[in-house]
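**Student:** For reference, each letter of the sequence shown is one residue, going 1 to 86 in this note's numbering.
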Amino acid sequence: MYKEVNVNRAKLLISCPEKPGIISAVSNLLLESRANVVHFDQHTTDPQAGMFFMRIEFDLNDFDASYAKLEEDLHVLAQAYAMVKR
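#1: Would you kindly work out how many angstroms separate the C-alpha atoms of Pro17 and Glu71, rounded to a whole number?
#2: Please say whether Ser33 and Asp64 have beta carbons closer to each other than 7 angstroms?
#3: Which residues bound the alpha helix (DSSP H) around Ser79?
#4: Can you tell me the Cα-Cα spacing of Pro20 and Val7, whole angstroms?
#5: For Ala68 and Met51, what's the separation of their Cα atoms in angstroms?
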């Protein structure tokens, strides 16, 4: 995940094995932090056993957590879903 310079937005890129609940888990994490999703793309190579890819951009104007806390929460989520994130 990286924060844009001079703009109060961040982008998160995720890849992991396809599994139900990935979008919900990431969205709920951002919602709990009051980050507002402004752009979202996702793709899977195979809905049954493929790889899942997601790019999500979110606004941090009303962000209600520290950036470090979000990184920590994303790390826990990444472990649960075997995610590679940046």
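For each residue, glycine too, the CB sits at the ideal point set by N, CA and C.
**Tutor:** Working from what's here:
#1: Residue 17 sits at position 17 when you count from the first residue of the sequence shown. Residue 71 sits at position 71 when you count from the first residue of the sequence shown. Rounded to the nearest angstrom, the two C-alpha atoms are 21 angstroms apart.
#2: By one-based count along the sequence shown, residue 64 stands at place 64. By one-based count along the sequence shown, residue 33 stands at place 33. Going by C-beta atoms, Asp64 is nearer than 7 angstroms to Ser33.
#3: Counting from 1 along the sequence shown, the entry for residue 79 is found at position 79. Note on residue identity: the sequence assigns Gln, not Ser, to residue 79. First-last of the alpha helix (DSSP H) with Gln79: Tyr67 to Tyr81.
#4: The residue given as residue 20 occupies position 20 in the sequence shown. The residue given as residue 7 occupies position 7 in the sequence shown. Straight-line Cα distance between these residues: approximately 32 angstroms.
#5: Taking the first residue of the sequence shown as position 1, residue 68 is located at position 68. Taking the first residue of the sequence shown as position 1, residue 51 is located at position 51. Distance between the alpha carbons of Ala68 and Met51 is about 28 angstroms.
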